[in-house]
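Take the position in the sequence shown, starting the count at 1, then add 119; the result is the number in full-length UniProt numbering.
Note that beta-carbon positions come from the ideal geometry of N, C-alpha and C, so glycine has one too.
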Amino acid sequence: GEALAVSARVAPLGSRLVLLLVEDLTEARRIEAVRRDFVANVSHELKTPVGALSLLSEAVMDASDDPEAVERFAGRMQIEATRLTSLVQELIDLSRVQNDDQMEDAEPVRVDELVAEAIDRCRHTATSKQITMAVGGTAALYVWGNRGQLAAALGNLVENAVNYSPARTRVGIAGRRVAAPGGDLIEIAVTDQGIGIPEKDRERIFERFYRVDPARSRATGGTGLGLAIVKHVAASHGGEVTVWSSEGQGSTFTLRLPESAEKRDRRTTPADGP
Ligand code: ADP
């Protein structure tokens, strides 16, 4: 498809329609290939926790007269259930990103609401790892965009911060307004004290399915799609996502998004006019 698209691009102006059709087709094929990959990958990832849950439930039944064993198996069932939840969440995020008509539903979105939703999403893991969440500077900030997509993006960053950090560490979420030539930007930085990302992998972590340590990622229900979703959302909003990291010390992911000129939430304000 690539060669075809390239030759079509240099075609004379008279064949503009053909050119558009050919480019459309290649893009459609590319998306279809990504979708196929994705379905194959996720189906494979889903099999692991489902298989484990089925074995563990049998083990619980066999061990019904050994309360200690039952408790142990139940604990492992809970871990597998968390993995399943997190995989399903990634599927939901991806469909949100693919189906929504990009910026069609853009509106002013409160940053502290996005943060609350993101924290809620990994509350269970954060509590069991005794990770402290510290939020600052997010009040009264509004970004312009698609609420569902923005929630998916920030949710993924916070989820990663929790997943790739050891117990009893701190995850910080900081918001601020930054002046920029094309209009003010809102910066949301998610900082962890986790394992960090080796320099050689830092560029590639935003690619679909790329994982520094697949075994570790899988253990937390990761598919390698989260950061690809974040990057996609940032770009479609005219923003960006960047990473700073020091191996063994932690990482900071910074999301920069256009500020909403209109500073109110359309969902909670009463309809205009008498
Ligand atoms: P995954 O589903 O594997 O978490 P992501 O696309 O969200 O996929 O992230 C890609 C990879 O980047 C992860 O597998 C992990 O190796 C690395 N990574 C992402 N966030 C962090 C973080 N906060 N600290 C350390 N490594 C991270």
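{"Query": "Cβ-based burial, Ala353 [other Cβ within 10 Å; buried from 16]", "Result": "buried"}
{"Query": "The segment 303-318 touching the segment 271-286, judged by at least three CB pairs closer than 8 Å", "Result": "yes"}
{"Query": "8 Å contact criterion, which Glu190 and Arg240 should meet: CB distance rounded", "Result": "Not a contact, Cβ separation roughly 27 Å."}
{"Query": "Candidates Val331, Ile198, Ala253: closest to Glu366 by CA position", "Result": "Val331"}
{"Query": "Cutoff 7 Å; reference His351; Cβ partners in own chain excluding five residues on either side", "Result": "Val216"}
{"Query": "Check: Arg323 C-beta below 6 Å from any heavy atom of ligand 1", "Result": "no"}
{"Query": "Neighbourhood of Gly369 by C-beta, 7 Å cutoff - its chain only, sequence neighbours within 5 removed", "Result": "Thr310, Asp311, Gln312, Gly313, Gly315"}
{"Query": "Phe192 in three-state terms, based on DSSP", "Result": "helix"}
{"Query": "heavy atom of ligand 1 below 6 Å from Gly341 C-beta", "Result": "yes"}
{"Query": "One or two residues paired with Thr251 in a DSSP bridge", "Result": "Arg289"}
{"Query": "Residue burial classification, Phe192 (beta-carbon count within 10 angstroms, cutoff 16)", "Result": "buried"}
{"Query": "Reduced DSSP category for Gly267 - H, G, I as helix; E, B as strand; rest coil", "Result": "helix"}
{"Query": "Inter-residue spacing [alpha-carbon to alpha-carbon] between Ala272 and Asp181", "Result": "43 Å"}
{"Query": "Pairwise C-alpha distance: Ile211 and Gly345", "Result": "11 Å"}
{"Query": "Pro377, DSSP secondary structure in three states", "Result": "strand"}
{"Query": "Contact set for Ala237: own chain, Cβ-Cβ below 8 Å, skip 5 residues either direction", "Result": "Ala270, Leu273, Gly274, Leu276, Val277, Glu278, Ile292"}
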